[in-house]
Amino acid sequence: MKESFFRSMTWLHTWVGLLLCWLLFLIFFAGTISFFRHEISLWNQPAVHNIDHNKQQQQTLIESGLAYLSSAAPEANRWWIGLPSSRQPELQVSHRHSQGEGKRDKWHDERLDPNTLLPIEGLVDTKGGNFFYRLHFDLHYMDRKLARWLVCFASLFMLIALISGIVIHKRIFKDLFQFRPQKGVRAWLDAHNLSSVLALPFHLMITYTGLITLIFMLFPNPAETLYEDGLKGFRADFYPERQRIEASNKKLDEPAFEAAFTHFYQNWPEQKIKRVIVDHPSNTAVNIKIYGDNGTLIRDEYPYWQYSGTTGELLKTARLDPSNAEMLYGGMIAVHSGRLAHPGLRWLYFICGIAGCVMIASGCIMWAKRIRERLKPTQTASFGLKLVETLNIATIMGLPLATAGFFYANRLLPPDMVARADKEVLVFFVVWLATTLFTSLFRDKRAWQWLAYCNAAIWLLLPVCSALTTHSNLITYIQDGKWILASFDLAFITTALVFYLQAKKLANKATANKSVSNKRTRVTAEQRA
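Numbering (the numbering used here), first residue to last: 1109 to 1637.
See the structure below:
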């Protein structure tokens, strides 16, 4: 019975891990990169690299943002002001205009230098790190609802694979200190075990909390049972700030900004502000919404204050003293997204995410190698094995190459190109598609070696490309103390080094195998003679 149980768990672990492993690799890969999504957005905008956001007070910045919007878009139905931070140094101001019944409202975005309070020149259209953030659960180019169901389905498979892996792992602590290179499939098994066990708490946490972020899509029944309007009623109760405020026909010359902010600063003087939103600033339905900054608190949603724009009176607040249920739900989402993390913890998240990618990749490769080794000399590989080998190379080697292509596109595409942000994304998928087509022709070790050399060269030249297309480089970043930007060049060089070492190892192994094969052929010929 015991042997049958472990055999069943091994079978379950193998197949739930294999069936969606390439989708899981994409989710882990994009999710890992998106831990630095704001930093990527910063790198993608060289025009803001020299901005120091610490010189102006928040109150001054808010007043300047409101003054700019009242001048630039007095008739807009919404104003949006995002305060600068170390990860986003610019002052972001946006205004939205109604496009009429049945049409989606259009946003107009502007970024101001927080020191001069003037629009920043030289900005380019880019999705930045938000592309990877959305990719890891919306999958891009796909219906959003379908994509999220696929991601949930893959996450459930991942959770089952993790739990079944724990059950069948009899030597979980011993495998922490065991790695046998140059041992074929055994080396891949050791890599799989090591990357799984070292970051196991992270893998369990990130998979489970990922499901929690979409829990009401998976299990809508509790909300539909408790609220007459179902999920709509639940969201109205849980997210009061998201409820639509209808415009009024009566004009308003000047909203009561001073009274509202005076009341806020008097009662919550220590509270930092994340953003300010003003609904219908030109009529008597005006509302002022203030969102606090959570900092490093383990919370997802921001504390919220809503003021009447006609009188400056406080109308409602939310999440100033969240309940235990709100803390648990919001805390899980915050832990998943890493929004609470300071730079050191964010790097730990990133390293554990890379371990997750290694865990998935080594499992895929190990399965294919085991099947390949079992083939007799007279047998040919099945279609399923060829498909797995192709998808392994295309996903594991293609995604890093496509990511480098995305960064190159940001630096090399013309700044005034129409739909430039979409073109950056298109380059990502074109490079990935080209890699897939290449691997469909070459599935052996040559493909791994060639793509490793290609990745090494592409990533190594990326800091050079950035230096030639901007006014800064790694040396000036270090001299000026811009460690976020310097870390990008260092990360690019490190990635190139890893791929180069991998390529050299594959080349040496190929040479050794060829030498052994030639020796066997020579010995056989001598014996026949």
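A virtual CB, placed ideally from N, CA and C, is assigned to each residue, including glycine. Predicted, not measured: the structure shown is a model, and the values here were computed from it.
Can you give me the Cβ contacts of residue i inside the same chain, cut-off strictly under 7 angstroms, excluding the 5 residues immediately before and after it?
i	result
A1355	N1185, H1388, N1391 and A1393
T1321	I1441 and H1444
I1406	G1439, A1442, V1443 and L1448
H1371	G1420 and L1422
K1617	none
L1483	A1489
Q1487	none
With a threshold of 7 angstroms (Cβ to nearest heavy atom), would residue i be considered close to the ligand SAM?
i	result
P1430	With respect to the ligand SAM, the structure shown offers nothing to examine, as it has no ligands at all.
Could you round the C-beta distance between residue i and residue j to whole angstroms and report it? I think they count as a contact, below 8 angstroms.
i	j	result
A1615	Q1557	6 angstroms
F1133	A1469	6 angstroms
C1562	L1509	7 angstroms
M1474	W1188	Not quite, the Cβ-Cβ distance comes to about 49 angstroms (not below 8 angstroms), so this is no contact.
F1126	C1460	Looking at the sequence provided, one finds Leu at residue 1126 rather than Phe. Contact doesn't hold; Cβ gap of about 22 angstroms is too wide.
N1518	T1234	6 angstroms
L1174	F1365	6 angstroms
Tell me whether the beta-carbon of residue i lies closer than 8 angstroms to the beta-carbon of residue j.
i	j	result
P1377	A1426	no
Y1647	Y1415	Limits of the chain in this structure are 1109 at one end and 1637 at the other, which puts residue 1647 out of reach.
P1227	I1159	no
H1512	A1560	The residue asked about is misnamed: residue 1512 is Ala in this sequence, not His. No, the pair does not count as a contact, with Cβ atoms beyond the cut-off.
T1578	P1309	no
F1515	L1570	yes
T1603	T1547	no
L1270	T1333	no
V1386	G1417	yes
L1169	L1199	yes
C1573	F1137	no
S1263	A1463	no
A1502	T1544	yes
L1258	L1131	yes
C1102	L1339	The requested residue 1102 does not occur in the structure, where the chain is confined to residues 1109 to 1637.
L1495	R1480	no
E1147	R1219	no
Determine whether the Cβ of residue i lies closer than 8 angstroms to any Cβ atom of chain C.
i	result
G1139	In the structure shown, chain C cannot be found, because there is only a single protein chain.
If you draw a straight line from the alpha carbon of residue i to that of residue j, how long is it in whole angstroms?
i	j	result
F1580	Y1249	Here residue 1580 is Ser; the residue named in the question, Phe, does not match the sequence. Looking at the two C-alpha atoms, the distance is approximately 34 angstroms.
H1450	M1117	39 angstroms
G1318	D1401	23 angstroms
D1530	R1145	17 angstroms
G1236	L1150	8 angstroms
M1109	I1268	Bear in mind that a pLDDT of 45 at M1109, under 50, signals an unreliable position, so the model cannot answer this.
A1433	D1337	21 angstroms
R1343	A1555	50 angstroms
L1120	F1607	33 angstroms
G1273	L1306	13 angstroms
F1113	T1404	44 angstroms
L1520	H1244	25 angstroms
R1528	W1540	19 angstroms
K1358	R1350	23 angstroms
L1128	I1504	14 angstroms
Y1412	K1424	8 angstroms
P1363	E1171	13 angstroms
I1276	F1369	59 angstroms
T1224	H1161	11 angstroms
L1436	P1197	31 angstroms
Would you mind working out which of the options sits nearest residue i, comparing C-alpha positions?
i	options	result
V1526	W1119, A1175, L1127 and V1232	V1232
E1183	L1334, F1536, S1206 and D1597	S1206
R1454	T1122, F1136, L1120 and F1143	F1143
R1242	P1522, S1172, P1485 and I1141	I1141
M1266	R1350, W1123, A1299 and K1359	W1123
E1532	F1600, F1239 and A1368	F1239
A1299	A1368, M1467, P1363 and K1359	M1467
A1599	L1495, P1522, F1458 and K1494	F1458
W1567	I1601, I1583 and L1549	I1601
F1346	P1430, R1252 and P1363	P1430
R1352	N1152, K1397, P1330 and L1312	K1397
G1052	L1582, H1311, Y1373 and R1480	The shown model of the chain, from 1109 to 1637, leaves out residue 1052, and the question about it has no answer.
Excluding the 5 residues preceding and the 5 following residue i in the sequence, name in chain order all residues of the same chain whose CB lies nearer than 8 angstroms to its CB.
i	result
Q1166	L1191, K1380 and I1381
Y1641	Because the chain spans 1109 through 1637 in this model, residue 1641 falls outside it and cannot be assessed.
R1115	none
P1328	G1338 and L1339
H1157	L1150, T1578, S1580, K1590 and L1593
Among the residues of its own chain, which have a CB less than 6 angstroms from the CB of residue i, if the five just before and after it don't count?
i	result
G1230	A1155
A1181	H1203
R1551	E1497 and T1498
G1341	Y1335
W1215	S1202 and R1204
A1565	none
I1323	none
L1247	A1255
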